[in-house]
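According to the numbering used here, the residues represented by the sequence shown are 65 to 533, in order. Backbone N, C-alpha and C define an ideal beta-carbon position, used for all residues, glycine too. Predicted, not measured: the structure shown is a model, and the values here were computed from it. Working notes, beginning with the structure itself.
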Amino acid sequence: MSRLFASFLRLMVCALLVLTAPFAWADRGRDGGDRDDTGTADRDTTDPDSSGYDRDGPDGGDQDYGDAPDYGGDGGEGGDYADAPEGPDVDGAPENSGPSGNSGHGHDGKDDHVRHGRHGRALDHHERISVWRNDAGERVRAGEALILTSRADIARRLERRDLHVVESFRLETIDAIAVRVAVPDGMNERQLFDALRQADPKSIVTFNHVYDPSGAPLMLAAVKAVARRHSRAKVGLVDAAVDAKHPMLAQVSVTARSFDPVPKALPDAHGTAVASVIAEAAPGATVYAANVFTLSIEGQEIATADSIVRGLDWLAKMRIAVINLSLTGPANPVLEAMVKKLNARGHILVAAVGNEGPHGAAQYPAAYDKVVGVTAVDAKNRVYLYANHGDYVDFAAQGVDLRVADPQGSTDTVSGTSYASPIVAAKLAGSLDKPDAQRASAAVRALAAQAHDLGAPGRDPVYGHGLID
65 MSRLFASFLR LMVCALLVLT APFAWADRGR DGGDRDDTGT ADRDTTDPDS SGYDRDGPDG
125 GDQDYGDAPD YGGDGGEGGD YADAPEGPDV DGAPENSGPS GNSGHGHDGK DDHVRHGRHG
185 RALDHHERIS VWRNDAGERV RAGEALILTS RADIARRLER RDLHVVESFR LETIDAIAVR
245 VAVPDGMNER QLFDALRQAD PKSIVTFNHV YDPSGAPLML AAVKAVARRH SRAKVGLVDA
305 AVDAKHPMLA QVSVTARSFD PVPKALPDAH GTAVASVIAE AAPGATVYAA NVFTLSIEGQ
365 EIATADSIVR GLDWLAKMRI AVINLSLTGP ANPVLEAMVK KLNARGHILV AAVGNEGPHG
425 AAQYPAAYDK VVGVTAVDAK NRVYLYANHG DYVDFAAQGV DLRVADPQGS TDTVSGTSYA
485 SPIVAAKLAG SLDKPDAQRA SAAVRALAAQ AHDLGAPGRD PVYGHGLID
């Protein structure tokens, strides 16, 4: 009897151990520091509203950055590029009933490589960027602010206020220092913005906005190549990493520098595709490629305002006169300060107008004054269905069903304003070999005179001045 009772007790003990084991492991997971790696910081995520932007400097006056000496030469500031009259909406333009150009087809204006992550690239979660939306609905880098200041001692000033400087770097082009500042625990963005303005009332304080590549692939028939004359042009490219060894880039030379926070970024589909369009439009050219894109925690291809201005600063140092930006996003005062200075120095910035649809919000940097905005058309000169419309559309170029390079030596067929803007950039680069404000203005006016008028007579918000081929 005693043996039976002892056996019964052993069975009961074993049963209790089996039943309580899962709870013990669960407690270990909670107490041992395991985390749900969503990338969202454990802090108050209340964002300041759009009125919190300090776009105009102190006392309502324009903040003047850019006291660095201008380039030598006989170029002046230059006037507006072209003042052709605005035209009415083009009859017969594709109708688009969906919000932001979606037309109910689920199109989000992004390249498949943007939606699904970088070609051949796998990043750990800690290497990716966390993104959220501020009160204005704009996508920004989570948990930080971006400031632009002329104070050399800004880092010490911020540290004395217990504010953590993530990174600071000098932008020689505008003779200023850009600083990324983390939102401290117990403080939200609105409070951080106020603290930064107190530390330096003359600084520009803003979000570190996020930008997307502006292309959308459609697997359709490829376009026949057009013979191009050999070019010695230099074209700047602010985009993702380029596969310089791709056969379609054999006729151009590529000089690259990466501003991706992840070292040794692999070649990317979007950057390689845009570079191959330049190679097709200007064989023999030299492409100066600034890689400014990385991946978000969600696996989306993004660039931040700080990486874009760093890429532009490098291209300015290299004296590259014409720079293509096939990316889109919201207005950002730090980016705007860089754009203004480059324009004043005689650079031409060419940018995709975006793929948010005819009624989509204005996209930057294309919508900035004096930036050349480019839309896309198909082989029959019909505007791309998802292209943005607006008074910042300057030119149209073929950007529908283009055969382009894809990493690892393959090709793809794509559509989007991303692939139209490098055609215009290559054309302008053939006319401007070095930054010069007067010659830059003249080059854009001459291109407007050569453009094939499409749609309503004169300049219009769909095609701009017309088609460049």
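For this session: Note down the Cα distance separating arginine 374 from lysine 298, rounded to an integer number of angstroms.
Result: 19 Å
Problem set entry | Rounded straight-line distance, which links the Cα of valine 468 to that of leucine 379 | 24 Å
Problem set entry | Beta-carbon gap between alanine 369 and asparagine 396 smaller than 9 Å | yes
Problem set entry | phenylalanine 257: first and last residue of the uninterrupted alpha helix (DSSP H) it sits in | 253 to 263
Exercise. Can you give the Cα-Cα distance for arginine 244 and valine 229, rounded to whole angstroms?
Worked result: 6 Å
Exercise. How would you call lysine 381, buried or exposed, if buried means at least 16 neighbouring beta carbons within 10 angstroms?
Worked result: exposed
For this session: Give every residue of the same chain whose Cβ lies closer than 6 Å to the Cβ of threonine 350, excluding the five residues on either side of it in the sequence, and list them in chain order.
Result: Lys298, Ser317
Exercise. Residues in its own chain within less than 7 Å of isoleucine 384 by CB, not counting five upstream and five downstream?
Worked result: Lys298, Gly300, Tyr352
Exercise. So what does DSSP say about arginine 205, is it helix, strand or coil?
Worked result: strand
Problem set entry | aspartate 209 to asparagine 272 span [Cα, whole Å] | The sequence shown places alanine at residue 209, not aspartate. Going by the C-alpha atoms only, they are around 6 Å apart.
Problem set entry | Stretch pair the stretch 453 to 462 + the stretch 430 to 438: three plus CB contacts closer than 8 Å | yes
Exercise. Histidine 529 to alanine 515, Cα distance in whole Å?
Worked result: 6 Å
For this session: Assuming leucine 492 and isoleucine 412 form a contact by the criterion Cβ under 8 Å, report the distance between their Cβ atoms to the nearest whole angstrom.
Result: 5 Å
Problem set entry | Residue closest to proline 311, alpha-carbon to alpha-carbon, out of Gly473, Val488, Asp500 | Gly473
Exercise. By how many angstroms is the C-alpha of serine 390 removed from the C-alpha of glycine 463?
Worked result: 12 Å
Exercise. Roughly how many angstroms separate the alpha carbons of leucine 496 and glycine 201, rounded to a whole number?
Worked result: 38 Å
Exercise. For glycine 410 versus glutamine 502, is the C-beta spacing smaller than 9 Å?
Worked result: yes
For this session: For arginine 225, collect the residues of the same chain with a Cβ closer than 7 Å to its Cβ; drop the 5 residues on either side in sequence, then sort them by chain order.
Result: Ala259, Ala263
For this session: Return the residue from the list Asn419, Asn388, Gly418 that minimises the CA-CA distance to leucine 406.
Result: Asn388
For this session: Write down the C-beta distance between valine 418 and serine 278 rounded to the nearest angstrom, noting that I regard them as a contact closer than 8 Å.
Result: It should be noted that the sequence gives glycine, not valine, for residue 418. Their Cβ separation, rounded to whole angstroms, is 5 Å, which keeps glycine 418 and serine 278 in contact under 8 Å.
For this session: Using three-state DSSP, classify tyrosine 483 as helix, strand or coil.
Result: helix
For this session: Specify, as a first and last residue, the run of the alpha helix (DSSP H) that alanine 8 falls within.
Result: The displayed coordinates of the chain run from 65 to 533. Any statement about residue 8 would go beyond what the structure contains.
Exercise. Looking at valine 441 and leucine 376, is the spacing between their C-beta atoms short of 9 Å?
Worked result: no
Exercise. Got a sec, what are the start and stop residues for the alpha helix (DSSP H) valine 373 sits in?
Worked result: 369 to 381
For this session: Verify whether the separation of the beta carbon atoms of proline 422 and serine 371 is less than 9 Å.
Result: no
Problem set entry | Alpha-carbon to alpha-carbon, proline 499 and alanine 308 | 25 Å
Exercise. Tell me which same chain residues have a C-beta within less than 7 Å of the C-beta of leucine 222, skipping the five on either side of it?
Worked result: Val229, Val245, Ala263
Problem set entry | 6 Å Cβ shell around glutamine 255 - same chain, five flanking residues per side excluded | none
Exercise. Since glutamine 400 is in the beta strand (DSSP E), which residue starts that stretch and which ends it?
Worked result: Glutamine is not the amino acid found at residue 400; the sequence shown has glutamate there. Not the beta strand (DSSP E): glutamate 400 falls in the alpha helix (DSSP H), residues 397 to 408.
Problem set entry | Residue from Tyr428, Thr392, Ser214 with nearest C-alpha to proline 265 | Ser214
For this session: Just tell me which of Leu313, Gly348, Thr358, Tyr527 has its CA closest to the CA of alanine 339.
Result: Leu313
Exercise. With C-beta atoms as the reference, is histidine 334 less than 9 Å away from alanine 354?
Worked result: no
Exercise. So what's glutamate 236 in DSSP terms, helix, strand or just coil?
Worked result: helix
For this session: Take the Cβ of serine 257 as the centre, count every other Cβ of all protein chains shown within 10 Å, and call the residue buried at 16 or more, exposed below.
Result: With the sequence shown as reference, residue 257 is identified as phenylalanine, and serine is not the correct amino acid for it. With 16 or more Cβ atoms within 10 Å of its Cβ, phenylalanine 257 is classed as buried.
For this session: Helix, strand or coil for serine 495, going by three-state DSSP, please let me know.
Result: coil
Exercise. Does the separation of the CB atoms of alanine 490 and alanine 345 fall below 9 Å?
Worked result: yes
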